[in-house]
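First comes the structure, then the notes that go with it.
In this note's numbering, the protein residues as written are 39 to 184.
See the structure below:
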């Protein structure tokens, strides 16, 4: 599954509505609301959790994924050492990361592309990507109805 920085993952584009996603991937394995009343779709087979923002007309704005099939610029991510992943990303100009630690987990956040690599024991276990906020402080939605 190809990660498209600032756009989404695979066929998913930020700004899609729930029916756009179910047309592509079918009914989610789980469908619930979080504490902010955002709608969450979870797809077990894809190993993805999708967040549709309530305050943005329930548009897809955030994806959390842990599939070993994830690729960024042709590089696999999951179960690889973070140092190797970061070295690969330098070749694509992605060099700035803010690092946070929680117990045995560490997050490596790149604000420019709104991506997070979550590691445990120095290996990437989860990847997160969010819709970009533009200069006008609005979401830069990539999905447009045809």
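Built from N, CA and C at the ideal position, the CB exists for glycine as well.
Pick out whichever of the options has its Cα sitting closest to the Cα of residue i.
| i | options | result |
| --- | --- | --- |
| residue 133 | 141, 150, 73 | 150 |
| residue 182 | 40, 41, 45 | 45 |
| residue 120 | 59, 174, 164 | 164 |
| residue 90 | 82, 50, 100 | 100 |
| residue 85 | 147, 145, 74, 102 | 102 |
| residue 67 | 59, 73, 128 | 59 |
| residue 177 | 41, 51, 159 | 51 |
| residue 131 | 98, 115, 95, 148 | 148 |
| residue 128 | 138, 65, 113 | 113 |
May I ask you to report which of helix, strand or coil DSSP gives residue i?
| i | result |
| --- | --- |
| residue 169 | coil |
| residue 21 | Lying outside 39 to 184, the shown extent of the chain, residue 21 is not represented and no answer is given. |
| residue 98 | strand |
| residue 176 | coil |
| residue 124 | helix |
| residue 185 | Residue 185 falls outside the range modelled here, since the chain spans only 39 to 184, and no answer is possible. |
| residue 190 | What the structure shows of the chain is the stretch from 39 to 184, and residue 190 is not part of that stretch, so it cannot be assessed. |
| residue 115 | coil |
Go ahead and label residue i buried or exposed: buried means 16 or more other beta carbons lie within 10 angstroms of its beta carbon, across all protein chains shown.
| i | result |
| --- | --- |
| residue 61 | exposed |
| residue 106 | exposed |
| residue 142 | exposed |
| residue 156 | buried |
| residue 111 | exposed |
| residue 79 | buried |
Per DSSP, which residues does residue i bridge with? Please list them.
| i | result |
| --- | --- |
| residue 80 | 68, 87 |
| residue 140 | 143 |
| residue 162 | 157 |
Could you tell me if the beta carbon of residue i falls within a distance shorter than 7 Å of some heavy atom in the ligand MN?
| i | result |
| --- | --- |
| residue 166 | In terms of ligand content, the structure shown is empty, and the ligand MN therefore cannot be addressed. |
Could you tell me whether any Cβ in chain B is nearer than 8 Å to the Cβ of residue i?
| i | result |
| --- | --- |
| residue 61 | No chain B is part of this structure, which consists of one protein chain only. |
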